[in-house]
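First comes the structure, then the notes that go with it.
There are 2 protein chains.
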Amino acid sequence: MDDRMGPAGTEDVDADAEATTAGPRRPLDQMRILRAAVEFIDVNGLSKLTMRRLGAHLGVEAMALYRYVPGREQLLDGVVEMVMDELYETTNAGGLSTSWQEYLQMQAHAVRTIAVKHPRIFPLVATRPPSAPWLRPPLRSLRWVESFLQGLHDYGFRPKVSVAVYRSFATFLLGSLLLESGTLEDLTITEKVNLAFIEDDDLSSYPMISAVTEELKDGGFEVEFEAALEDLIERVTVMRS
Amino acid sequence: MDDRMGPAGTEDVDADAEATTAGPRRPLDQMRILRAAVEFIDVNGLSKLTMRRLGAHLGVEAMALYRYVPGREQLLDGVVEMVMDELYETTNAGGLSTSWQEYLQMQAHAVRTIAVKHPRIFPLVATRPPSAPWLRPPLRSLRWVESFLQGLHDYGFRPKVSVAVYRSFATFLLGSLLLESGTLEDLTITEKVNLAFIEDDDLSSYPMISAVTEELKDGGFEVEFEAALEDLIERVTVMRS
DNA sequence: CACTGGAGTTTACATTGTAAATACCCATGC
DNA sequence: GCATGGGTATTTACAATGTAAACTCCAGTG
Numbered sequence: 001m002d003d004r005m006g007p008a009g010t011e012d013v014d015a016d017a018e019a020t021t022a023g024p025r026r027p028l029d030q031m032r033i034l035r036a037a038v039e040f041i042d043v044n045g046l047s048k049l050t051m052r053r054l055g056a057h058l059g060v061e062a063m064a065l066y067r068y069v070p071g072r073e074q075l076l077d078g079v080v081e082m083v084m085d086e087l088y089e090t091t092n093a094g095g096l097s098t099s100w101q102e103y104l105q106m107q108a109h110a111v112r113t114i115a116v117k118h119p120r121i122f123p124l125v126a127t128r129p130p131s132a133p134w135l136r137p138p139l140r141s142l143r144w145v146e147s148f149l150q151g152l153h154d155y156g157f158r159p160k161v162s163v164a165v166y167r168s169f170a171t172f173l174l175g176s177l178l179l180e181s182g183t184l185e186d187l188t189i190t191e192k193v194n195l196a197f198i199e200d201d202d203l204s205s206y207p208m209i210s211a212v213t214e215e216l217k218d219g220g221f222e223v224e225f226e227a228a229l230e231d232l233i234e235r236v237t238v239m240r241s
Numbered sequence: 001m002d003d004r005m006g007p008a009g010t011e012d013v014d015a016d017a018e019a020t021t022a023g024p025r026r027p028l029d030q031m032r033i034l035r036a037a038v039e040f041i042d043v044n045g046l047s048k049l050t051m052r053r054l055g056a057h058l059g060v061e062a063m064a065l066y067r068y069v070p071g072r073e074q075l076l077d078g079v080v081e082m083v084m085d086e087l088y089e090t091t092n093a094g095g096l097s098t099s100w101q102e103y104l105q106m107q108a109h110a111v112r113t114i115a116v117k118h119p120r121i122f123p124l125v126a127t128r129p130p131s132a133p134w135l136r137p138p139l140r141s142l143r144w145v146e147s148f149l150q151g152l153h154d155y156g157f158r159p160k161v162s163v164a165v166y167r168s169f170a171t172f173l174l175g176s177l178l179l180e181s182g183t184l185e186d187l188t189i190t191e192k193v194n195l196a197f198i199e200d201d202d203l204s205s206y207p208m209i210s211a212v213t214e215e216l217k218d219g220g221f222e223v224e225f226e227a228a229l230e231d232l233i234e235r236v237t238v239m240r241s
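If you read the sequences in order, they're chains D and B.
So for the first sequence, UniProt numbering puts the first residue at 1; every next one is plus one.
So for the second sequence, UniProt numbering puts the first residue at 1; every next one is plus one.
This is the structure in structure tokens:
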């Protein structure tokens, strides 16, 4: 991926059609590997992803992957980048906005879509060490940041304000979506119960919590997200002054 | 940690004085192990923490740890809990507040203090699967949540509002602090450079970014944190209505 | 045909988490 | 004194992992 590629490579047509039961043995390539990794984590969770298993998933021995990927850590970086590129596509597909408010809304929803679609991957997106110190998670793509800043510029934001907005925006998305994806993941699996060590959730000794258990349980993430987003936009309005 | 303990146990005096070069061989216990783990991660990073190395750090073989801790995963849960207990102490030490605004400020700053003190651990705090679905990171302690809700109650918040505030508060802290701690970690080490794969940060093709590199670099986390906090409080004011 | 270079495999090894068996030690029975 | 026993730490062992190095296989070129 040194040579950045749009949707053009050795395989434009026939996208996403490799099954676990190997097809006619198309030769490996980086994209195939990354896509397989994304899919694998989505299904089995990050902790189950090993080079050997990913290899098997692609009908190949583990070591074959190393010709296309420097190592596991970098593979994970690639996964993050891959997922965020999904975002980039979503975003640009969404038609033009008529106001900066709409623009921010669209961007926020696009990121949330990703987070909801890949709850097992999103924590990775959020915690991987940033490749540049000012590339704040979850917005890790230079291309994305560039286009975002451009967008703000087009709506008349001055550079300094744009940066501030970018920061608030990133913080907001990170907080909301990391929480939501964490919960989503939970619902899916429940891999290994950690109770009984350190934490015996005996609510009886926590009266305030018991009193509102119902409200606490209820996800309501979407509502909360929208509310916080509205609020952020409000805040940006002030920044613009 | 089933029997929760304040500062009282086999060792009240002489706190934190175990060096790598074993002392007179005090017998192991869970607290010692957890504290050692926290310290170890602070210094060497999570990825370097192995049972063997932690053992060595305590002057003991790896397997000795298993008498006090079920396994590595649970050890990490314990680390999180340990760090968050630090928060609990900080918070209660801080004297009483005279308004709910002050109260929220104090809590927020307490959490931030932790995040800044343990940047390598905070991502763990943020991403570990929650032991209860409504225990939102980074506020993972039942005790803490209970006391927080109690606090709000004392300032006249109605239950439903308290829950909403708790959520917004958690989201805000998670976003801000995860970003900040991520950056802090970066400055400390730089363990393994991931450049040259997927990401050759050649700014020349990103004009908007280049134009504001300076502003982007500059941390300014504290300022941003305070601003966002003010804003949250503003928002809570509205919620209270 | 021999040959060369790339794609995938085999083999190998150090490191990890952890189970099971063992050795150690100190306090109590006589 | 010595046996004994219960808890604490060590030893040994093993399967799983990431990855280096050598190897096999084969298509395409001279």
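Glycine included, each C-beta is placed from N, C-alpha and C at the ideal position.
Just so we're clear, the structure is a prediction, and the values are computed from it rather than from any experiment.
Do residue j and residue i have their beta-carbon atoms positioned less than 8 angstroms apart in this structure?
{"i": "residue 28/D", "j": "residue 66/D", "result": "no"}
{"i": "residue 41/D", "j": "residue 120/D", "result": "yes"}
{"i": "residue 51/D", "j": "residue 37/D", "result": "no"}
{"i": "residue 71/B", "j": "residue 34/B", "result": "no"}
{"i": "residue 91/B", "j": "residue 74/B", "result": "no"}
{"i": "residue 145/D", "j": "residue 135/D", "result": "yes"}
{"i": "residue 116/D", "j": "residue 87/D", "result": "no"}
{"i": "residue 179/D", "j": "residue 170/B", "result": "yes"}
{"i": "residue 143/D", "j": "residue 224/B", "result": "no"}
{"i": "residue 137/B", "j": "residue 220/D", "result": "no"}
{"i": "residue 149/B", "j": "residue 114/D", "result": "no"}
{"i": "residue 147/B", "j": "residue 153/B", "result": "no"}
{"i": "residue 26/B", "j": "residue 58/B", "result": "no"}
{"i": "residue 175/D", "j": "residue 174/B", "result": "yes"}
{"i": "residue 233/D", "j": "residue 104/D", "result": "yes"}
{"i": "residue 133/B", "j": "residue 211/D", "result": "no"}
Given a threshold of 16 other Cβ atoms within 10 Å of its Cβ, counted over all protein chains shown, does residue i qualify as buried or as exposed?
{"i": "residue 98/D", "result": "exposed"}
{"i": "residue 123/B", "result": "buried"}
{"i": "residue 53/B", "result": "exposed"}
{"i": "residue 228/D", "result": "buried"}
{"i": "residue 85/D", "result": "buried"}
{"i": "residue 81/D", "result": "buried"}
{"i": "residue 195/D", "result": "At residue 195/D, the pLDDT of 41 sits below 50, so the modelled position is not reliable; the number obtained from the coordinates is stated separately. Exposed."}
{"i": "residue 83/B", "result": "buried"}
{"i": "residue 238/B", "result": "exposed"}
{"i": "residue 235/B", "result": "buried"}
{"i": "residue 23/B", "result": "Any reading at residue 23/B must be qualified, since the residue scores a pLDDT of 44, below 50, and its modelled position is unreliable; no value is offered."}
Are any of the Cβ atoms in chain B nearer than 8 angstroms to that of residue i?
{"i": "residue 144/D", "result": "no"}
{"i": "residue 134/D", "result": "yes"}
{"i": "residue 31/D", "result": "no"}
{"i": "residue 159/D", "result": "yes"}
{"i": "residue 199/D", "result": "Since pLDDT at residue 199/D reaches only 45, below the 50 mark, its modelled position is unreliable, and the value read off the structure follows with that caveat. True, the Cβ-Cβ gap to chain B drops below 8 angstroms."}
{"i": "residue 137/D", "result": "yes"}
{"i": "residue 130/D", "result": "yes"}
Does chain D have any CB closer than 8 angstroms to the CB of residue i?
{"i": "residue 105/B", "result": "no"}
{"i": "residue 149/B", "result": "yes"}
{"i": "residue 153/B", "result": "yes"}
{"i": "residue 194/B", "result": "Summary for residue 194/B: the model assigns pLDDT 45, below 50, so the residue's position carries little reliability, and this model does not support an answer."}
{"i": "residue 38/B", "result": "no"}
{"i": "residue 119/B", "result": "no"}
Which chain B residues are close to residue i, counting only those with a beta carbon under 8 angstroms from its beta carbon?
{"i": "residue 176/D", "result": "171, 175"}
{"i": "residue 231/D", "result": "231, 235"}
{"i": "residue 163/D", "result": "212, 215, 216"}
{"i": "residue 127/D", "result": "123, 126, 127, 178, 182"}
{"i": "residue 228/D", "result": "168, 171"}
Chain D partners of residue i, CB-CB under 9 angstroms?
{"i": "residue 206/B", "result": "142, 143, 145, 146, 149"}
{"i": "residue 114/B", "result": "Within 9 angstroms Cβ-Cβ: nothing; residue 114/B doesn't reach chain D, min ~16 angstroms."}
I want to verify the contact list: residues of chain B whose CB lies under 7 angstroms from the CB of residue i, in sequence order.
{"i": "residue 167/D", "result": "224"}
Check the Cβ of residue i against every Cβ in chain D and list those closer than 8 angstroms, keeping chain order.
{"i": "residue 41/B", "result": "In chain order: nothing, as chain D lies at least about 14 angstroms away."}
Just checking residue i against the ligand MN - is the residue's beta carbon closer than 7 angstroms to any of the ligand's heavy atoms?
{"i": "residue 174/B", "result": "Of the ligands one can find in the structure shown there are none, so the ligand MN has no counterpart to examine."}
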